[in-house]
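Peer 1: If you use our numbering, the sequence shown corresponds to residues 145 to 423, in order. I'd like to ask you about the structure that follows.
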Amino acid sequence: MNPVYEKLLKCYESVKKKIDFQPEMALILGSGLGDYAESIQIEAVLDYHEIEGFPVSTALGHKGRFVFGYVKDVPVVIMQGRVHYYEGYSMTDVVLPTRLMGMMGAKVLFLTNASGGIQEGMQAGDFMLINGHITDFVPSPLIGPNIDELGVRFPDMSDVYRSSLREVIKETAKKFDIPLKEGVYIQLTGPNYETPQEIHMCRVLGADAVGMSTAVEAMAANHMGMQVCGISCISNLAAGISPTPLTHEEIQETADRVAPMFKQLVTESICSIYQSLHQ
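As structure tokens, this is what we get:
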């Protein structure tokens, strides 16, 4: 058996022994956004340390656990803290949690992150709906023998962030008068913030926001047939655009400031997506 798939199955069996809950949607919370999980109707919590062979997040502001419960009537599993490539894990370990949530039953993956704004006119605190990504600077999570049990060898990536889900989120933001930009996310390795020259390169390539996560998770989810959507919280202006040095504290402060609006946008979007899938 493919060792990557074997490890995934072991994690899945470990979870099933402890948790009897089937989510329909999966949500990954980015830096500074983890408190959202505390606001849902929680049915169960599972620390990453309790899952055999599971990669454990070491990033600041990441609690490192799955939260199972309901966003209004929608059964969800939430990653309160993700695993990053910069922590030293293999890319297959980085996307293992995404694949695991898909195996649990989640049909939709809702991604969030804190990112640096590149797009002209962006300000810290803006929300950006992701309509595409660039991953040329990080290894594909699909490198190596294909896991046929999950998906095909050469998956199509033309609509990773499903246009149908994006329309639902845009309509939701409009309904609740929440300003929402739209653009392309580029994933770099981190953990260092980018140089002004790298940001210039990202802008030339067509990126609107930059970060250290998200895109590879979207690729892995798309590979296994999950529908994907994503929102970036613009926590700071990227290097060369911002007049001040970048700090993790700035990201946390911005996330805290916009948390109420973010919570409303995510909650209402999840409910709207769920309704659209069950019509």
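Backbone N, C-alpha and C fix where the C-beta goes; we use that ideal spot for every residue, glycine too.
For Leu152, which beta-bridge partners are listed by DSSP?
Peer 2: In DSSP, Leu152 forms no bridge with anything.
Peer 1: Can you give the Cα-Cα distance for Tyr233 and Met266, rounded to whole angstroms?
Peer 2: Going from the Cα of Tyr233 to the Cα of Met266 covers about 32 Å.
Peer 1: Using the C-alpha atoms, what's the distance from Cys415 back to Lys207?
Peer 2: Roughly 25 Å between the two C-alpha positions.
Peer 1: Met272 bridges to which residues according to DSSP?
Peer 2: Met272 pairs with Lys325, Ser376.
Peer 1: Counting Cβ pairs, one atom from each stretch, are 3 or more of them under 8 Å apart for the segment 188–198 and the segment 394–401?
Peer 2: They do not touch, by the three-pair rule.
Peer 1: Using a 10 Å radius around the Cβ and a threshold of 16 neighbouring Cβ atoms, would you call Val148 buried or exposed?
Peer 2: Classification of Val148: buried, given that the 10 Å Cβ count is 16 or more.
Peer 1: From the DSSP secondary-structure annotation, give me the bridge partner or partners of Asp191.
Peer 2: Paired residue(s): Arg209.
Peer 1: Would DSSP call Ile330 helix, strand or coil?
Peer 2: Three-state DSSP puts Ile330 in a strand.
Peer 1: Taking the alpha carbon of Asp321 as the point to measure from, which residue in Leu409, Leu421, Phe165 has its own alpha carbon closest?
Peer 2: Ranking Leu409, Leu421, Phe165 by Cα distance to Asp321 puts Leu409 first.
Peer 1: Going by DSSP, what residue range makes up the alpha helix (DSSP H) through Met169?
Peer 2: From DSSP, Met169 is part of no alpha helix (DSSP H) but of the beta strand (DSSP E) over 169–173.
Peer 1: Below 8 Å, how does it come out for the segment 339–351 and the segment 228–245: are there three or more Cβ pairs, yes or no?
Peer 2: The segment 339–351, when compared against the segment 228–245, does not touch it at the 8 Å Cβ threshold.
Peer 1: Using a 10 Å radius around the Cβ and a threshold of 16 neighbouring Cβ atoms, would you call Ala188 buried or exposed?
Peer 2: The residue in question, Ala188, is exposed, as its Cβ has fewer than 16 Cβ neighbours within 10 Å.
Peer 1: Give me the DSSP bridge partner(s) of Cys198.
Peer 2: In the sequence on display, residue 198 carries Phe and not Cys. Note: Phe198 sits in no beta bridge, so no partner.
Peer 1: Should Met370 and Gly225 be called a contact, given that it needs their Cβ atoms to be closer than 8 Å?
Peer 2: Not a contact, by the Cβ cut-off of 8 Å.
Peer 1: Which residues mark the beginning and the end of the alpha helix (DSSP H) in which Gly246 is found?
Peer 2: Here the alpha helix (DSSP H) through Gly246 covers 240–248.
Peer 1: Contact between the segment 332–340 and the segment 298–305: three or more CB pairs below 8 Å?
Peer 2: Output reads no: the segment 298–305 does not touch the segment 332–340.
Peer 1: Going by the beta-carbon positions, is the gap between Ile222 and Leu309 smaller than 8 Å?
Peer 2: For Ile222 and Leu309, no; Cβs fall outside 8 Å.
Peer 1: What residue does the alpha helix (DSSP H) around Ala317 start on, and which one ends it?
Peer 2: Taken as a continuous stretch (DSSP letters only), the alpha helix (DSSP H) holding Ala317 covers 307–319.
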